[in-house]
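So in my numbering, spot 128 of the sequence shown is number 198, and the numbers just go up one at a time.
Glycine residues also receive a C-beta, built at the ideal position from the N, C-alpha and C atoms.
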Amino acid sequence: SLTTVEGVAHTVGAGSDRPSLLVFFTLTCSSCLEAAPKVSAALSAYSDRLQLLGIGRDHKAEELRAWQAQNQTAYQLVADPDRQLFEQFAQLHVPRFYLIDTKGKVCYQDVNWHPLMLSEIERAVRQLLP
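Below, the structure written as structure tokens:
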């Protein structure tokens with residue numbers, strides 16, 4: 071269970087009503103900042119069937135809210151100021167992507183960012199959604 075900077079709780083994996091794309095990122099990573107608007111734009115059409123959760127390493131809620139206000143991403147942002155989530159799932163290298171179905175199976179994962187990833191992520195999402 072993850073709680074966004076807006077206070078909304080999301081269940082990821084088993085027990086969730088929608089698959090989730092988790093995007094681990096940091097605001098000091100140029101690749102993360104390049105990926106955010108592209109992933110957001112490409113997947114916003116699936117927002118009613120897919121949870122798009124951006125987990126901000128070392129960032130507090132206020133910082134993430136300010137960034138989102140300037141960048142208009144479709145990410146539901148989760149603050150991880152103490153790296154609790156990162157320590158479990160993404161100790162090194164960001165951005166890191168995990169597409170997780172409603173049973174908890176990781177259906178896609180990748181790390182770092184290259185433009186070809188976008189079509190791979192979209193393909194994985196389309197295969198997973200009805």
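For this session: Compute the Euclidean distance between the alpha carbons of Q197 and P151, then round it to the nearest angstrom.
Result: 33 Å
Exercise. According to DSSP, what are the bridge partners of D180?
Worked result: F167
Exercise. Mind checking L199: buried by the 16 CB within 10 Å criterion, or exposed?
Worked result: exposed
Problem set entry | Start and end residues, beta strand (DSSP E) containing Q121 | That run of the beta strand (DSSP E) goes Q121 to R127.
Exercise. Residue range of the beta strand (DSSP E) that Q146 falls in?
Worked result: Q146 to D150
Exercise. Can you tell me the Cα-Cα spacing of L113 and P185, whole angstroms?
Worked result: 14 Å
Exercise. Looking at the structure shown, is L92 part of a helix, part of a strand, or coil, going by DSSP?
Worked result: strand
For this session: State the Cα-Cα distance for the pair A105 and W183, rounded to the nearest angstrom.
Result: 7 Å
Problem set entry | H163 versus F95, A84 and V78, residue with shortest Cα-Cα distance | Taking H163 as reference, the option from F95, A84 and V78 with the minimal CA-CA separation is F95.
Exercise. When burial is assigned at 16 or more other CB atoms within 10 Å of the CB, is R119 buried or exposed?
Worked result: exposed
Problem set entry | Nearest neighbour of Q146, chosen from R127, R135 and Q154 [CA to CA] | When only C-alpha atoms are compared, the closest one is R135.
Exercise. Apart from the five residues on each side of it in sequence, which residues of its chain come closer than 7 Å, Cβ to Cβ, to D171?
Worked result: P89, C177 and L198
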